[in-house]
Every structure is written in structure tokens, then in C-alpha cells.
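Taken in order, these protein sequences are the chains called A and B. When we follow the working numbering, the leftmost residue of the first sequence carries the number 530, and every step to the right adds one. When we follow the working numbering, the leftmost residue of the second sequence carries the number 31, and every step to the right adds one. Here a beta-carbon is modelled for each residue, glycine too, at the ideal position from N, C-alpha and C. Note sheet for the following structure.
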Amino acid sequence: MSRRNRGIGLKAYGFLVYFFLYFPLIVVLLFSFSPTKTIVGISGFTLKWYQELFRDQNLLAAFLHTISIGAAAVGIAVVLGMAGAFFVSRVHFPGKSVFRTLVLLPYILPGILMGISLLVVIKALNIPLSPLTVLLGHVSFTVPVVMFQIMSRIARMGPNYQSAAMDLGANPVQTFWYVTLPMIRTALIGASLLAFTVSFDEIVISYFLTGTWMTLPVYIYGMMRYGLSPKVYAISAIILCLSLALVMLMSRYTGRSADVYRVRSRQD
Amino acid sequence: MGERFSAPRALLRGIPITVWMLCLVAVPLGYTFLISFFQVEGLQIAAKFTLKNYRLFFTDPMYSGILLKSMLLALAIALLAILAGYPLAYMLSFRVRRGKQALFMLSIIPLWVSYLVRIIAWRTILGNKGVINSALTSLGLIQEPLSFLLYNRFAIAVTLTYICIPFVFIPVYTSLEKIPRNIMEASSDLGAGELRTFFNVVLPLSLPGLVTGFIFAFIIALGDYIIPQQLGGTQGIMFGNLIWSQFGFAFNWPFGAALSFILLAISVTILGLTSRFGSTEGGFLSE
Chain A
530 MSRRNRGIGL KAYGFLVYFF LYFPLIVVLL FSFSPTKTIV GISGFTLKWY QELFRDQNLL
590 AAFLHTISIG AAAVGIAVVL GMAGAFFVSR VHFPGKSVFR TLVLLPYILP GILMGISLLV
650 VIKALNIPLS PLTVLLGHVS FTVPVVMFQI MSRIARMGPN YQSAAMDLGA NPVQTFWYVT
710 LPMIRTALIG ASLLAFTVSF DEIVISYFLT GTWMTLPVYI YGMMRYGLSP KVYAISAIIL
770 CLSLALVMLM SRYTGRSADV YRVRSRQD
Chain B
31 MGERFSAPRA LLRGIPITVW MLCLVAVPLG YTFLISFFQV EGLQIAAKFT LKNYRLFFTD
91 PMYSGILLKS MLLALAIALL AILAGYPLAY MLSFRVRRGK QALFMLSIIP LWVSYLVRII
151 AWRTILGNKG VINSALTSLG LIQEPLSFLL YNRFAIAVTL TYICIPFVFI PVYTSLEKIP
211 RNIMEASSDL GAGELRTFFN VVLPLSLPGL VTGFIFAFII ALGDYIIPQQ LGGTQGIMFG
271 NLIWSQFGFA FNWPFGAALS FILLAISVTI LGLTSRFGST EGGFLSE
């Protein structure tokens, strides 16, 4: 077999994987516009499921809850994560790897462990489940997202710019505001969007920490118990499009893939 | 990189995040470990030390059986995710020039698409009146819907593999991109064919990414409880469901805590083993 043909085989396989990845998402989109519940012999186009969504007050409320939890969690996570990123990047201390692992835990451990362990403590302290308990969970797993994103930006930036600013007489606040912040700005935006996306979709941990004040994924999960109604497809399609929009926006700010690209072209 | 100025200030920056993680992650995990030695009396958790939760797990073959089955399924899922994700990363890293950036995005986007939406999609595809069955029926290939598609471990495996592919793709791609291209040229100059170069050069050098991806997929698959609940049916009970049920209708928190701790011990052991090979961040959280 010639070199060329082998490449074609790999590309065909790659195409199949992409098909596997995207076919399910297309199915959800198609079902949300289908007047009937079957896809074969799809017989028309309707927006009525979307209209029904807007009449569902509980669903709209859950949507707003999710957005406010996401915004609040990201706000706290940015403060904690940014400070933490500078701390771990610029200070040498024993047990640094322990610190990194501790921060990483809520992100890499199975969500069920984080949810359950928080629930157990919350119950032991007799705290009722509320938006606040959901928020506690969401901050914990968005902090690592923010911290590690900003850490990698700091690592690329190096310490010289700050030193130069300080040598030229800037105080720490000025240095941060005029030098550091502009340099990490895009990483900060990218990390916030990423953290928001993660929070927006989260169900595994939220499930344990939510009382009657439900976030959107918890609400949809409840709807799914009664089978998949066309309404479920409509809200899924909206979430799908929102996630896509967030990812597109995010990719403009995070330099990861772009950087990998630049390094490669220099080597070629 | 040492802190050259205002060291106390720099130390202060680490305090909020440390306090948060200790209070809301370490303490809860520790407390869960503690109550795994308690017992339920009536409807209350009584703080009387006992080993019976762990004894129950290790002596009743039903529980250890579920753990074993879950670990095997998680292993299969991780391998399937590698089977799909590794070639994709390889193709993107070595075979694609034009449109590489777009294909990279296309490969990682599913990671950020809502977890629930992906579950809904697979329920729709695999169901009795789902996409596959209605397509096959209308083509006249089958009379009765294929029932083996949904509500079993096959459905769990398909959906979790789907979820895990980007988790394998990203670290593998990252490690493939780090391989200096001249090493591969050297290999081919010395007469190695493409396959030989792959097995002797590329594969060993991408091992850190591969191990990281494998571990991520394994841990995700092992701890999941929502996918088995949604797609697994009665025979698809996984370890995550077992834990979940102790906090739901079974209402045996101490036993649930013991099971959680067993899952934690497995996850931490595996992560510890991995950190020797790859990075535990796996490139997801770095830019």
C-alpha cells in the first residue's frame, strides 16, 4: 500500500470519529423542530416546542438560577483563582505539589464524591439546602479551572515585566493594574468563560446540593424522568447553541491551541 | 522564579484559596471518611465507631461484584475512548495541515457541550422508537425494534465512551505536538517504515498523554451515576448508583460514605500512579 493510501485510511477513520461525535448533537437539533416524535419520515418543521418553553415559568426561573449561580461562582472563582495562581507561580514553599493537588481535587475527583461530601457536612451543620449551598459546590470546581488557566499564562509571561515595572518605581498596585492585568486579561476572560460553561452544565454535584431552588440541568433532569418530551429537545437545542457560542467566544481568548500552532510552524 | 519583593504580600494571596479548599473540599472529604465508621440507628446517624460498613462491603459479594463490574466496564470504556481519540489526535498532529485549527476545535467542542444534552441525544438514538430502530424498521431490515440497544451496559459504554473521547484526545494531542519532528525524520532516514516509526518512536513519546487520557476516562466512567441511571436499566447498576442509592431511598449515609471512600481511594491511587507518567491536569486546564 502506498504512503498516500495509508493516510487516506486514517482520515476516513477520523471522519468516522467526527461523525460519531456530531451525529448525536444533530439528532437533538432535528428533534427539537420535529412536529412528531420520530425522526424517520420527519414530516415538517415546527417551532411550537420552543413556544411552549417560554410558557414554562419554572423552566425560565431555573434558567435564570443557572445563570446567576454561574456568574456568582465565576466572580468568586476569579478572585480566589487569580490570587492562587500568582501565589503558586511566584512563591517557593514546601508542599507546593500538595497545594496544587488540593486545588485540583474538586475538578478531577468524581463529582459524586464532591457532591456527597459537601452534602454530608451541610446536613451535619443543619444548614438547609439553598442557592448558597449550590454556589459553594460550584465555586469549588470552578476555582481550579481559573487558577490553572492563569498559571499557564503567568508561566509564559515570566517575572521580568513586573520586576521592570517595580524597578522603574511603580508600586505593587500600579504594577498589577498597568502591567500584569493587561498581560493576563485575555487569559482571565477565557478562564471566566470556561468556568461559566462548566458551571452552566453541571449536574452531578448540583444534584446533591439543590433543594427546591433548582438550576436548569437539575430541572431538565427532573423532566427526563417522564420520558423525553419534545420540550426537552427544544431546551437541549438552546443549551447546545449557547454552549457552542460560549466555546467559540472562549477560543478567541485562550491562546493554547494558537500557541501550539505557532511553535509548530517555527519548527517546520 | 523567586519572589523578589513583598514576600508577605505574595503569601497572603495564597490564603483565601487554601482556606476555601480546606474548608469545602478537604474537611468534607475527611468528615465523610469519619462517618463511614458510624452507623444508622433508627433514622439517625449515631456516632458509634464501627467497621461494619466496610465489613459489609467486603463480605457481601453483591457489592464487591458491582465494583468489579464497574471497573471492568470503566476499563473497556477507557480503551474504547483511546481507540477513537488516539487516531484522531495522531491524524490531526501529523496528517493535517490546512484547517488544523478548525479540526482541533471540532475535536474538543463536545467536551463543553452539556452533559445532559449528550445523554438525551443517546437515549434518542438508542431507544426502542429511537433513531437506529426507526431507521432499520423503515428500511425493512428489522420487524421488531432491537432491544439490546438501550437500558443495558452497552448503552452505558457507548454514551460514556462518547463523553470520554475529548478527555483522551486533548492530552494525547498535547503530547504528540511536543514530539520534535526531526526525531521522526531521523527514524525514517534510518529506514524505519511508518508503522515502525509509530511503535518505536511516536507511541513511547506520547505515553504520558495516553496514560493521562486513560486515567481521566477511567475515573469519569467509574464515578458516573447519571448515565447508568438514564441508559443502564436494571442490569446497568454501576458503583456510582450504589453510592447514590445510599443517600437516596436506602438512606444509609454511613454505608454510602464507606462506599464513597472506597471510590476515593481507588481514584487517588490511580491518580498517584499516573502523576509519575503524565500530568494530572492533562492539559485541560492549561491554556
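Query, Result
"Status (buried if at least 16 other CB within 10 Å, exposed otherwise) for A:V617", "buried"
"Min CB distance A:Y579 to chain B below 8 Å", "no"
"Rounded C-alpha distance that separates A:K760 from B:L136", "27 Å"
"CB contact check: B:Q74 to chain A, cutoff 8 Å", "no"
"Per-residue burial, A:R781 [other beta carbons within 10 Å of its own, 16 or more giving buried]", "exposed"
"Top-ranked residue by Cα proximity to B:I249, from B:G262, B:T299, B:A222, B:L261", "B:T299"
"Reference B:K159; option with closest CA among A:F560, A:L545, A:V776, A:L778", "A:F560"
"Beta-carbon gap between A:H667 and A:I598 smaller than 8 Å", "yes"
"Same chain only: Cβ atoms within 6 Å of B:P196, ignoring 5 sequence neighbours per side", "I138, P140, L141"
"Helix, strand or coil at B:A77 [DSSP, three-state]", "coil"
"Beta-carbon spacing of A:I645, B:S290 below 8 Å", "yes"
"Check whether A:G474 and A:V675 have beta carbons under 8 Å apart", "Only positions 530 to 797 of chain A appear in this structure, which leaves residue 474 of chain A out of reach."
"Any 3 or more C-beta pairs closer than 8 Å across the segment 579-592 of chain A and the segment 748-767 of chain A", "yes"
"B:F35 at chain A interface by Cβ criterion, 8 Å", "Reliability of the predicted coordinates at B:F35 is poor, the pLDDT of 48 falling under 50, and the value obtained from them is presented with this limitation in mind. Yes, because at least one Cβ of chain A sits closer than 8 Å to the Cβ of B:F35."
"Endpoints, beta strand (DSSP E) assigned at B:V70", "69-71"
"Distance CB(B:G152)-CB(B:T191) smaller than 8 Å", "Per the sequence shown, residue 152 of chain B should be read as Trp rather than Gly. Against a cut-off of 8 Å, the Cβ pair of B:T191 and B:W152 comes out as no contact."
"Range covered by the alpha helix (DSSP H) that runs through A:K760", "759-782"
"Through-space distance from A:F729 to A:T662, alpha-carbon basis", "16 Å"
"Three-state secondary structure (DSSP) of A:D730", "helix"
"Buried or exposed (CB count within 10 angstroms, at least 16 for buried), A:I537", "exposed"
"A:S780 at chain B interface by Cβ criterion, 8 Å", "yes"
"Any C-beta of chain A under 8 Å from that of B:T154", "yes"
"Simplified DSSP state of B:L169, which is helix, strand or coil", "coil"
"Own chain, CB closer than 8 Å to A:G740, minus 5 neighbours either side, in chain order", "P657, L658, S659, T662"
"Interface residues of chain B facing A:M753 [CB-CB closer than 9 Å]", "L146, I149, I150, R153, Q260"
"Three or more C-beta pairs below 8 Å linking the segment 143-157 of chain B and the segment 226-238 of chain B", "no"
"For B:Q260 and B:A104, the rounded distance between their alpha carbons", "17 Å"
"Through-space distance from B:V49 to A:F628, alpha-carbon basis", "11 Å"
"Neighbourhood of B:T167 by C-beta distance below 8 Å, restricted to the same chain and skipping five residues each side", "Q173, P175"
"As assigned by DSSP and simplified to three states, the class of B:G263", "coil"
"C-alpha gap between B:F244 and B:L102, whole angstroms", "13 Å"
"Nearest-angstrom Cα separation, counted from A:K577 out to A:R584", "11 Å"
"Validate contact between the segment 263-273 of chain B and the segment 82-99 of chain B using beta carbons, cut 8 Å, 3 pairs", "yes"
"Buried or exposed (CB count within 10 angstroms, at least 16 for buried), B:S236", "buried"
"Residue span of the alpha helix (DSSP H) that contains B:N158, given as start and end", "Counting along the chain, B:N158 falls outside any alpha helix (DSSP H), and DSSP gives it neither H nor E."
"Cβ pair count under 8 Å reaching 3, the segment 683-695 of chain A against the segment 620-637 of chain A", "no"
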